[in-house]
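In the numbering used here, the protein residues as written are 161 to 676.
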């Protein structure tokens, strides 16, 4: 029996390499959240505030960076620390699924479920497309909470209760809005599946404690960065082969894949069918309850991501808790993995080593289209040089070099888009003589440049969140202009009325640079 257990568990650890290997590639992937997790991991606060609007419910809590913090404190590169955090999310999530299900599904069923979980499109996309460390941490912690509750209910294990409590508290300090739904899911699980009064009490007390811990932060709020109603999922997106068709939908700009996963859906449907037709009388009541709970849970959570659920979100004001309605799909991930892992149990012929290995192979091969990302080798500073607009553009680096013969200045700027723009702003670069506080002479513009960024070939409205751009601007300076030191202004502006986009939350309307 010990050997059998090792097979499933070690398979989860071994095949986790497919999920986290892209995180080890040189550089960093250009995700929708860009370098936001890195900036906030370096300088954590109760709720992330760098390049993002701090918000109690939608925002990212400090616990999202708990894994990265020790590494940063020990002198590790922040990019490495964040990548290690993402890698551990895959390992913890897959291992948690295995521990949760090993009692009811056996070693091979739990192993298949753990591998399926790590390779679900929604898990891979959370890391490599969205780049959301907060959501990835929650996907990792939810199976641990389920495993703790199962262990406590089935074996009266105090360690299991401790794991469940710590996981729930951690979830609440990562992202409070999603924690509300996760706590409700865990409560229903404890009531319906485990049917253990103390397990229900454990979830309730841990959830209440997590909520109470947020009371000092109650006043921290911000407007949603997105229009919630514009981001409901279309039914075909859940089963589409690719997500490139998504941008054609009105209001859709993230290009985020929503597929539930070929393996999870097909294996899950086969498990339900084979249970109903073949093995229904043979399965123990606990496993039957778990299978039906997962099927019903997936149906409810998927429905909440569709436009048909709009009245629910509006009437309950639950849209205040999430940035996107499709975030609710993340909570369906453990349920989908469980249904897939139940296939070798409900169809015993697939439990043999050969067929089980074939199921694992199919699972890995089906994940390949999602195991890719766009990488960049740009190394940002610990803090962004500037944040332009309402957290729309983050300036990663800027280098200005002055030349004497002929007099000129070259400014090379690298920036990353964080949100879609609805207007094609211009860029301005100015060489300035004089001081802003000089009442007599004031500022004198020695030379300036007003152009469309990137030569107009990529207007601002075409920028995708996460994309990184580098451009060099050259100013020809008049003779003798460098008799006194110059300073330089850089920023974005609306060419229709000359209004400049705010910088660093309105502290200024331009970046100020000095030559080398």
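For every residue, glycine included, the Cβ atom is placed at its ideal position computed from N, Cα and C.
Note to self: On a Cα-Cα basis, can you pick out the residue from 528, 436, 539, 220 that is closest to residue 574?
What the structure shows: 539
Margin query: Considering only their Cβ atoms, is the gap separating residue 570 from residue 632 smaller than 7 angstroms?
Written below: yes
Notebook entry, point to check: What does residue 560 pair with, by DSSP beta-bridge criteria?
Noted result: 571
Check: Three-state secondary structure (DSSP) at residue 328?
Finding: helix
Margin query: Applying the 10 Å Cβ sphere with the 16-neighbour rule, what's the burial state of residue 298?
Written below: buried
Next item on the list: Count the other C-beta atoms from every protein chain shown that fall within 10 angstroms of the C-beta of residue 532, then say buried if there are 16 or more, exposed otherwise.
Entry: exposed
Next item on the list: Flag residue 464 as yes when its Cβ comes closer than 6 angstroms to any non-hydrogen atom of the ligand MG, and as no otherwise.
Entry: In terms of ligand content, the structure shown is empty, and the ligand MG therefore cannot be addressed.
Next item on the list: Could you work out which residue in 505, 620, 354 is closest to residue 433 when comparing CA atoms only?
Entry: 505
Notebook entry, point to check: Closest to residue 226 by CA distance: which of 249, 523, 211, 495 is it?
Noted result: 249
Check: Identify the residues that DSSP records as bridge partners of residue 604: which are they?
Finding: 593
Checklist line | Residues that residue 634 bridges to, as DSSP identifies them | finding: 570
Notebook entry, point to check: CB residue 228 to CB residue 241, shorter than 7 angstroms?
Noted result: yes
Notebook entry, point to check: In its own chain, which residues sit with a C-beta less than 7 angstroms from the C-beta of residue 364, not counting the 5 before and 5 after it?
Noted result: 347
Checklist line | Three-state secondary structure assigned by DSSP to residue 119 | finding: Outside the shown range of the chain (161 to 676) lies residue 119, about which nothing can therefore be said.
Item checked: Reduced DSSP secondary structure (H/G/I, E/B, other) of residue 195 -> coil
Next item on the list: Using only alpha-carbon positions, find the residue among 187, 209, 186 that is nearest to residue 197.
Entry: 209
Checklist line | residue 264 (DSSP reduced to helix, strand or coil) | finding: helix
Margin query: Let me confirm a value: residue 200 is counted as buried when at least 16 other C-beta atoms fall within 10 Å, else exposed. Which label applies?
Written below: buried
Next item on the list: Just tell me which of 171, 653, 268 has its CA closest to the CA of residue 500.
Entry: 268
Next item on the list: Put residue 217 into one of helix, strand or coil per three-state DSSP.
Entry: coil
Next item on the list: Name the residue from 548, 179, 217 whose alpha carbon lies nearest to the alpha carbon of residue 244.
Entry: 179
Item checked: Segment limits, alpha helix (DSSP H) that includes residue 528 -> Segment: none, residue 528 is in no alpha helix (DSSP H) and carries neither H nor E.
Item checked: Proximity below 7 angstroms, CB of residue 338 to CB of residue 493 -> no
Next item on the list: Quick one: residues in its chain with C-beta nearer than 8 angstroms to the C-beta of residue 600, no 5 flanking neighbours on either side, listed in chain order?
Entry: In this prediction, residue 600 scores a pLDDT of 48, lower than 50, which makes its location untrustworthy; no coordinate-derived value is stated.
Notebook entry, point to check: How would you call residue 259, buried or exposed, if buried means at least 16 neighbouring beta carbons within 10 angstroms?
Noted result: buried
Checklist line | DSSP three-state assignment for residue 598, whether helix, strand or coil | finding: Because the pLDDT at residue 598 is just 45, under 50, the model does not fix this residue reliably, and the point stays unresolved.
Item checked: Reference residue 488, options 451, 544, 465, closest by Cα -> 465
Notebook entry, point to check: According to DSSP, what are the bridge partners of residue 628?
Noted result: 576
Next item on the list: Give a yes or no on contact between the segment 310-322 and the segment 185-193, applying the rule of three or more CB pairs nearer than 8 angstroms.
Entry: no
Note to self: Using a Cβ distance threshold of 8 angstroms, determine whether the segment 363-380 contacts the segment 210-219, with at least three qualifying pairs required.
What the structure shows: yes
Next item on the list: Quick one: measure Cβ to Cβ for residue 528 and residue 450, integer angstroms, because I've assumed they're closer than 8 angstroms.
Entry: 30 angstroms between Cβ atoms; not a contact.
Margin query: Helix, strand or coil for residue 610? Go by DSSP, reduced to three states.
Written below: strand
Item checked: Counted within 10 angstroms of its Cβ, other Cβ atoms place residue 406 as buried (16 or more) or exposed -> Since pLDDT at residue 406 reaches only 35, below the 50 mark, its modelled position is unreliable, and the value read off the structure follows with that caveat. So residue 406 counts as buried.
Checklist line | Where the alpha helix (DSSP H) through residue 312 begins and ends | finding: 293-315
Checklist line | Same chain, Cβ closer than 6 angstroms to residue 262, neighbours up to 5 away in sequence not counted | finding: 270
Check: With distances taken from CA atoms, which of 458, 328, 587 is nearest residue 655?
Finding: 587
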